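Structure record follows, encoded as structure tokens.
In the numbering used here, the protein residues as written are 2 to 466.
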């Protein structure tokens, strides 16, 4: 669909693109190199760019160059064939007609609508041969009867990037009025500006479901058992089998024998079993079959068996009680979200795991045929968030949410994590902080989305996790 619509639209615009309004022969990329010296250009990393109803999602970027005699806004992305496209809108050409924006925050949305909320900036731009938006005339135009095709909407990865861009745009005479509070999109109107992006989400979900059904069909065929982990093996034999292999970080596989023996004695996975008041010693085994192995091929989706195995493998030298890190299986976040913190309390209580002694807690998220990763950082240092006299160099508590497609609602999962942490705080009899018995609020336990590598296909999310 993308390829056919793209070629048709491009064919329509070729004639107008050759008029006298067309830019000079040099490319925008070449010309902006000289302009960069005249002033800083501000960049915003974008998830997707929707030109009317046509969505692009590869190497998307929005930038603003105010410090020139002819300031401009530049839209950049790769099309379905991997070709780089750029659209330069010069402010002096009077092509820019409107700017609207929405910044997603926990104050702006409830959990019920968080999945559909995105940080976005939308532009109404007159399509011309010079800015080259005219080539998408079937998907994008300025007819008042069809508002859905009247905007170019950019979904932004980092809210702070957009806020910085808006601040710079407000300092420009031509944009000051358009980038103020009056240009903020009300929550009730957000669907008008993000329809194409939402429909693209739905299309991607249908595609994932189709791929999953094809993969699951293999289960009716011969599906031999390949691996059950953990297994008893001498460390020398294990190292020999892994000879020449490396972790993603570059370290050779294998752990010190003493650590491996200690881990095997104390290892137990989150299974909710064991007598009350004792540390459960039941081991949860991960089974890998042929159809799981087949999912390691390019274009396939990793399943929970593979991701959980990886988490167990890289943490095999860690003691659950004494280690600074802890790994949950993918079922933890699913159970927490669906059934609440009481449903996962045994996962830590019966293992005598104090999560507030951990520096890093990893919780993979598997929902809607997509993987992301939540990392809880220093939950035991939550008090540092309440006192102004704490040295800025001191470590703090926070939640990191890493999503290589930005498909999951980080606000929703952060809310469940804070609820769970407050539950654990009370269960362990912790004292209140500054009069708060439930100290893990939005202002204290901040949610952060660091810049990470992003996937350019719809199937590698598990690999990125």
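Glycine is no exception: its CB is placed at the ideal position from the N, C-alpha and C atoms. Small disclaimer: the values here were computed from a predicted structure and weren't measured.
Cα-Cα, which of the options is closest to residue i?
i	options	result
residue 407	354, 372, 379	372
residue 96	380, 161, 74	74
residue 72	87, 92, 396, 84	92
residue 52	196, 44, 68	196
residue 161	347, 83, 451	451
residue 385	415, 431, 429, 435	435
residue 232	462, 42, 199, 289	289
residue 285	348, 158, 376	348
residue 64	58, 77, 57	77
residue 61	158, 127, 429, 139	158
residue 473	149, 382, 86, 400	Past the edges of the chain, shown from 2 to 466, lies residue 473, and the structure says nothing about it.
residue 378	177, 409, 397, 367	397
residue 360	393, 351, 401	401
residue 352	241, 336, 329, 367	329
residue 94	84, 128, 376, 350	128
residue 440	395, 141, 387	387
residue 183	99, 433, 376	99
What is the C-beta distance between residue i and residue j, in whole angstroms, given that I count them as a contact (C-beta under 8 Å)?
i	j	result
residue 151	residue 143	6 Å
residue 338	residue 417	5 Å
residue 415	residue 448	4 Å
residue 380	residue 363	The Cβ separation is near 13 Å, so there is no contact.
Using DSSP's beta-bridge definition, name the partner residues of residue i.
i	result
residue 97	126
residue 172	Residue 172 is not bridged to any residue.
residue 470	Given a span of 2 to 466 for the chain in the structure shown, any question on residue 470 remains unanswerable.
residue 409	Answer is none; residue 409 lacks a bridge partner.
residue 362	327, 377
residue 368	371
residue 49	156
residue 65	43, 74
residue 90	74
Between which residues of its own chain and residue i is the CB-CB distance below 7 Å, once the five residues before and five after are set aside?
i	result
residue 256	Caution applies to residue 256, whose pLDDT of 46 falls short of 50 and renders its modelled position unreliable; the model cannot decide the point.
residue 354	321, 322, 327
residue 287	230, 306, 309, 310, 313
residue 464	303
residue 296	216, 302, 303, 304, 307
residue 300	460
residue 342	420, 421, 424
residue 167	102, 180
residue 90	73, 74, 96, 97, 126, 132
residue 47	61, 62, 63, 155, 156, 157, 158
residue 391	385
Cutting at 8 Å between CB atoms, please list the residues of its own chain near residue i, excluding the five before and the five after it.
i	result
residue 194	101, 103, 121, 123, 152, 154, 186
residue 181	171
residue 223	291
residue 163	45, 102, 104, 120, 122, 157
residue 165	43
residue 369	206, 209, 408, 409
Whose C-beta lies closer than 6 Å to the C-beta of residue i among residues of the same chain, with five residues either side of it excluded?
i	result
residue 403	374, 453
residue 365	308, 331, 374, 466
residue 56	49, 197, 201
residue 429	none
residue 405	455, 456, 462, 465
residue 177	171
residue 173	67
What does the Cβ neighbour count give for residue i, buried or exposed, with the cut at 16 atoms within 10 Å?
i	result
residue 137	buried
residue 175	exposed
residue 70	exposed
residue 106	exposed
residue 425	buried
residue 238	exposed
residue 389	exposed
residue 456	exposed
residue 422	buried
residue 334	buried
residue 225	exposed
residue 66	buried
residue 133	buried
residue 227	exposed
residue 419	buried
residue 458	exposed
residue 399	buried
residue 393	exposed
residue 411	buried
residue 191	buried
residue 445	buried
Using a Cβ-Cβ cut-off of 9 Å, state whether residue i counts as contacting chain C.
i	result
residue 97	Within the model displayed, chain C is absent; a lone protein chain is all it includes.
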